[in-house]
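Engineer:
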Amino acid sequence: VIAESDICCTSSNAVKVIESVDNNKILFTPDKNLALWAKEKTGKEIAIWPGFCPTHHLIKADQISELKKQYPDSEFMAHPECTPEVCALADFVGSTSKMFDYAQSSKAKIIIVGSEMGMLHRLKKENKDKIFLLANKQVVCPNMKKTTLEKIRNSLVDLEPKIIVDEEIRERALASVQKMLEVS
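Sequential numbering from 16 applies to the sequence shown in the working numbering.
Following this line, the structure appears as structure tokens:
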């Protein structure tokens with residue numbers, strides 16, 4: 016997909032990348048929720064691809080409402096790949112890195128986390144005076160969990176598995192990534 020794109024983005028720079036595009040009409044792939052959030056922030060006309068992150072889709076608005084009732088002084092931070100209904104309930108919406116920053120600057124003692132459970136360790140380590148609650152305890156990304164220390168070690172030692180990409184595709188993808196980096 017990146018090789019077919021004029022420019023690519025991440026959740027942390029999507030708004031900045033979209034604002035950098037001269038054209039007012041943009042086709043945004045692959046995450047519809049990130050696209051809707053970025054569209055709201057930029058006001059650009061965005062054709063939205065119907066894909067989504069299955070992990071962030073596990074977080075539901077009713078779960079957030081229930082947690083907010085149980086912890087009325089809490090704040091809720093959501094990843095922009097959550098649904099618009101979930102993001103509408105958030106005190107803060109931002110990428111994973113921006114969620115870490117928000118957690119540190121927030122005055123709240125209890126923060127509900129609307130993202131993958133793997134964030135909790137670092138959040139708790141960096142903010143010992145705060146309590147972090149998962150919006151949904153089932154929010155585990157199976158793709159993120161495929162990477163293990165053993166696999167990293169083996170790939171560094173053995174230089175395997177090798178991934179071979181056609182040179183033309185590599186060059187086209189690189190151009191898209193370089194444009195993103197120039198904007199960021």
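Backbone N, C-alpha and C fix where the C-beta goes; we use that ideal spot for every residue, glycine too.
1. Whose C-beta lies closer than 6 Å to the C-beta of K40 among residues of the same chain, with five residues either side of it excluded?
2. I'd like to know whether the C-beta atoms of A29 and L49 end up nearer to each other than 9 Å.
3. Mind reading off the beta-carbon distance from G66 to K47? Whole number of angstroms is fine, and I expect it under 8 Å.
4. Counting only the same chain and skipping the five closest in sequence on each side, list residues whose C-beta sits under 7 Å from that of V16.
5. Taking DSSP as the reference, what is the three-state secondary structure of I61?
6. G129 and H72: beta carbons closer than 9 Å?
7. Considering only residues of the segment 54–99, which uninterrupted alpha helix (DSSP H) runs meet the minimum length of 4 residues and lie entirely inside it, listed in chain order?
Structural biologist: The answer reads as follows:
1. Taking the sequence shown and counting its residues from 1, the one referred to as residue 40 is at position 25. So the list reads E60, once near-sequence residues are dropped.
2. Locating residue 29 in the sequence shown gives position 14, counting from the first residue. Locating residue 49 in the sequence shown gives position 34, counting from the first residue. Yes, these two residues count as a Cβ contact at 9 Å.
3. Here residue 66 is taken as the residue at index 51 of the sequence shown, counted from 1. Here residue 47 is taken as the residue at index 32 of the sequence shown, counted from 1. Their Cβ separation, rounded to whole angstroms, is 6 Å, which keeps G66 and K47 in contact under 8 Å.
4. For the purposes of this step, residue 16 is taken as the residue at position 1 of the sequence shown. Around V16: T44 and P45.
5. On the sequence shown, position 46 is the one that residue 61 refers to. I61: strand per DSSP, three-state reduction.
6. Counted from its first residue, the sequence shown places residue 129 at position 114. Counted from its first residue, the sequence shown places residue 72 at position 57. No. Outside cutoff.
7. 76–85
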